[in-house]
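Residues in the sequence shown are numbered consecutively from 30, following my numbering. Heads up, the beta-carbon is just placed ideally off N, CA and C, and yes, glycines get one too.
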Amino acid sequence: MEPKIKHKIMLIDDSSTNNILYESILLDEGYDVIVCEDPKFALKRLQKEIPHLIILDLMMPGMDGFHFLEKKKEIEGAANIPVVMLTARMDIESEQKALSMGVMEYIIKPVGINEITELLSKVLL
């Protein structure tokens, strides 16, 4: 039996509480996790390390999720990394904009463990 690929997930959220919770869930599920509380730092990290998936918050100080998505395209090898947006923002305009920018899934917080694990099994085929 071949070993399961250990997927690397970059988690970008300015809330350390959310990061602790989601990182714990992801680690329990066997994923490698890169936690970034600052999207600008995440962009620098992408220049050195390419994850299999990015879980991105929308509303963050300094740079929101939309601006991050635009900047990510400029990094070699990062343009095609799938992105799941995990946000408290419920308006349809934000969701449509995110999906039009290539976001695979737009998920409203709070999210339970089962929702996250189902989502990841669907996104990381």
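Handout entry: At least three beta-carbon pairs within less than 8 angstroms, the stretch 47-59 to the stretch 73-81
Key = The stretch 47-59 is not in contact with the stretch 73-81.
Exercise for the section: Give me the Cα-Cα distance between residue 126 and residue 108, rounded to the nearest whole angstrom. Expected result: For the purposes of this step, residue 126 is taken as residue 97 along the sequence shown, with counting starting at 1. For the purposes of this step, residue 108 is taken as residue 79 along the sequence shown, with counting starting at 1. Using only the alpha carbons, I get a separation of about 17 angstroms.
Handout entry: Proximity winner among 128, 42, 74 and 60, relative to residue 29 (alpha-carbon distances)
Key = Because the chain is modelled from 30 through 154, residue 29 falls outside the range shown and cannot be assessed.
Problem - Straight-line Cα distance separating residue 118 from residue 110 - result: Taking the first residue of the sequence shown as 1, we reach residue 110 at position 81. Taking the first residue of the sequence shown as 1, we reach residue 118 at position 89. The alpha-carbon atoms of residue 110 and residue 118 are separated by roughly 22 angstroms.
Exercise for the section: Check the DSSP bridge columns for residue 39 and list the partner residues they point to. Expected result: Along the sequence shown, read from residue 1 onward, the residue named residue 39 stands at position 10. In the DSSP assignment, residue 39 is bridged to 63 and 83.
Exercise for the section: Below 7 angstroms CB to CB, which residues in the same chain sit around residue 123 once its five sequence neighbours on both sides are set aside? Expected result: Sequence index remark: in the sequence shown, residue 123 carries index 94 (1-based). Contacts found: 87.
Handout entry: Spatially closest choice to residue 106 from 64, 73, 148 and 69, by CA coordinates
Key = Sequence index remark: in the sequence shown, residue 106 carries index 77 (1-based). Of 64, 73, 148 and 69, the smallest CA-CA separation from residue 106 is found for 73.
Problem - Beta bridge counterpart(s) of residue 116 as assigned by DSSP - result: Within the sequence shown, the letter at position 87 stands for residue 116. Bridge partners of residue 116: 137.
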